[in-house]
Amino acid sequence: MRVLVLDTIHGGADLAAALRDAGHETDEVDVYRGKTGIPTSEALVRTYDLVTAPVHLDPDHPILRKHGPAVPHHEMVRRILGGRLPHPFIEITGARGKTTTAHAIAALLPGPGILHTSTGTYRYPERELLWRKSITPASLIPAVREAERIGGWLVAEESLGVTAAGDVAVLTSAEDYPIAAGKKRAITEKCRLLSRAQTVVLPPGIDLPGGIAAGDIVSFEEETCRYSGNGVTGTFTNPLCTLPGYQTPLALAAATACILGIHPSPLGGFSALPGRMAARWEGEVLVLDNANSGTNMATTVEAVRYARNLSGNAPLTLVIGEEARAICEGFPAEEVRRTVEAVAPAATVYVGEGHAAATLEEGLAAARSITPAGAAIVLAVKTWR
């Protein structure tokens, strides 16, 4: 089959390589930079049996207008994977909370397995880092093959949807934003892809025919989580249950475990992940680290509230901004401004293009230099870690 793969920088190059390995004649176009593959002008005059594109590509791109609707990268990955799949295989997507949910589910699964996240791909139970890749659909292919090789499970984060090849698909957030040059909505595309999954676990605020709401299985009372589903019933207690940024991931993980027939009680020992409400003391200064790929106004307000609670409402330095431009969802300057206005820190260090601090590390160094003993620092920089 003659296939055209669009967008080499968001997994398209890996997808094209996998298609070639499967025996297909494949062209690829770097639709955003024009640096690799064949030029758009060449793709426009060639003929193809199939075109595949990311869901975030402008539907009015000349190649799509010429060659018709494209198969999403997610669907192409499913076709490439075929029937060679690990079990259980859990796919996770959503605007925020993916990494925390993935780690929480992985902490519950017995035996060997692979955890594939934006922070890295790990082999369990050793938690050995295997590699660091993006969470584009194509990055799922080597993770699936490694899980299959070791005869283990797979828990995988995916951006903007799922392949629906797994046993369970989890949506972590109902949060929405525009994609594809503003012509599509992220949540619509995610739900369209989720609708093909065998079993879907849903967060609060969204309904999907056939989906299972985590709230129907899990409930919270302060630090206690109660769960009952698929014959699995019990409770666990964890201080993280009081934080909205952890409550939903813990609920999704517990619900998914129940669906799989696994007791989620070990989540009582689950601890905060680096960059996700992780608190530490540097001498007499509290540092609350909430700098991650899902950082936004809501998560920052929550982080500041948590830091003030831990520090006894001490003066606070906020390190905020966007370290690297995110294709699907950034941290816009206006949202940063509104966030600073909402939390009213004693001091602010801005990170990103046009500011003295270009990176999270530079922002933290600047904050350390101006934050007195007994105060707190909150890291709220959108970044890949």
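Using the working numbering, you'd call the opening residue of the sequence shown number 60 and step up by one each time. Glycine included, C-beta positions come from ideal geometry on N, C-alpha and C.
First and last residue of the uninterrupted alpha helix (DSSP H) at A163: For the purposes of this step, residue 163 is taken as residue 104 along the sequence shown, with counting starting at 1. A163 -> alpha helix (DSSP H) spans K157 to A165.
Collapsed DSSP secondary structure at E134 in the structure displayed: The residue labelled residue 134 in the question sits at position 75 within the sequence shown. Of the three classes helix, strand and coil, the one that applies to E134 here is helix, per DSSP.
CA-to-CA distance, T358 to A350, given in whole angstroms: For the purposes of this step, residue 350 is taken as the residue at position 291 of the sequence shown. For the purposes of this step, residue 358 is taken as the residue at position 299 of the sequence shown. Roughly 10 angstroms separates the two Cα atoms.
Given 8 angstroms, three or more beta-carbon pairs between the stretch 163 to 179 and the stretch 134 to 143: In short, these stretches do not touch, since the Cβ pair count stays below three.
Length-filtered (4 minimum) alpha helix (DSSP H) runs lying within the stretch 300 to 338: 303 to 318
Spatially closest choice to T292 from A272, Y409 and H322, by CA coordinates: Within the sequence shown, residue 292 is the residue found at index 233, counting from 1. The candidate whose alpha carbon is nearest that of T292 is H322.
Which of helix, strand or coil DSSP assigns to H69: Position 10 of the sequence shown, counted from the first residue, corresponds to residue 69. Here H69 sits in helix by DSSP.
Identified DSSP bridge partners for E185: Position 126 of the sequence shown, counted from the first residue, corresponds to residue 185. Per DSSP, none; premise fails for E185.
V46 - DSSP class collapsed to helix/strand/coil: Residue 46 lies beyond the range of the chain shown here (60 to 444); nothing can be said about it.
Beta carbon of T180 nearer than 8 angstroms to that of T158: Along the sequence shown, one-based indexing puts residue 180 at 121. Along the sequence shown, one-based indexing puts residue 158 at 99. Not closer than 8 angstroms, so no.
Nearest-angstrom Cα separation, counted from V344 out to P431: The residue you call residue 431 lines up with position 372 of the sequence shown. The residue you call residue 344 lines up with position 285 of the sequence shown. When rounded, the distance between both Cα atoms is 7 angstroms.
Short Cβ contact (8 angstroms threshold) for V408 with T376: Within the sequence shown, numbered from 1, the residue matching residue 408 stands at position 349. Within the sequence shown, numbered from 1, the residue matching residue 376 stands at position 317. Yes.
Cβ separation of A224 and F148, assumed to be a contact under 8 angstroms, to the nearest whole Å: The residue labelled residue 224 in the question sits at position 165 within the sequence shown. The residue labelled residue 148 in the question sits at position 89 within the sequence shown. Right, their Cβ atoms sit about 7 angstroms apart.
Local conformation of A350 per DSSP, three classes: As a first step, residue 350 must be located in the sequence shown, where it is residue number 291. Of the three classes helix, strand and coil, the one that applies to A350 here is coil, per DSSP.
When G290, G288, A314 and E280 are compared against P298, the one with the closest alpha-carbon: Along the sequence shown, read from residue 1 onward, the residue named residue 298 stands at position 239. Answer by Cα proximity: E280.
Collapsed DSSP secondary structure at R143 in the structure displayed: Position 84 of the sequence shown, counting from 1, holds the residue named residue 143. It is coil, neither helix nor strand.
DSSP state of I386 mapped onto helix, strand, coil: Here residue 386 refers to the residue found at position 327 of the sequence shown. Unreliable positioning characterises I386 in this predicted model, as indicated by a pLDDT of 40, which lies under 50. The coordinate reading is nonetheless provided below. In this structure, I386 counts as coil in the three-state DSSP scheme.
Distance between beta carbons of E382 and N355, contact taken as under 8 angstroms: Counted from its first residue, the sequence shown places residue 355 at position 296. Counted from its first residue, the sequence shown places residue 382 at position 323. Between E382 and N355 the Cβ distance is about 14 angstroms, and since that is not below 8 angstroms, they are no contact.
Close Cβ partners of A310 (< 6 angstroms) along its chain, the five nearest in sequence each way excluded: The sequence position of residue 310 within the sequence shown is 251, counting from 1. Same-chain partners within the cutoff: A273 and V277.
C-beta neighbour in chain D for L168, strict 8 angstroms: This model lacks chain D altogether, as it is built from one protein chain only.
Contact the stretch 240 to 250 vs the stretch 201 to 217: 3+ CB pairs below 8 angstroms: no
From D73, G334, A435 and E187, residue whose alpha carbon lies closest to that of V363: In the sequence shown, residue 363 corresponds to position 304, counting from 1. Closest option to V363, Cα to Cα, is A435.
Bridge-paired residues (DSSP) for D86: In the sequence shown, the residue the question calls residue 86 occupies position 27. Note: D86 sits in a beta bridge opposite L63.
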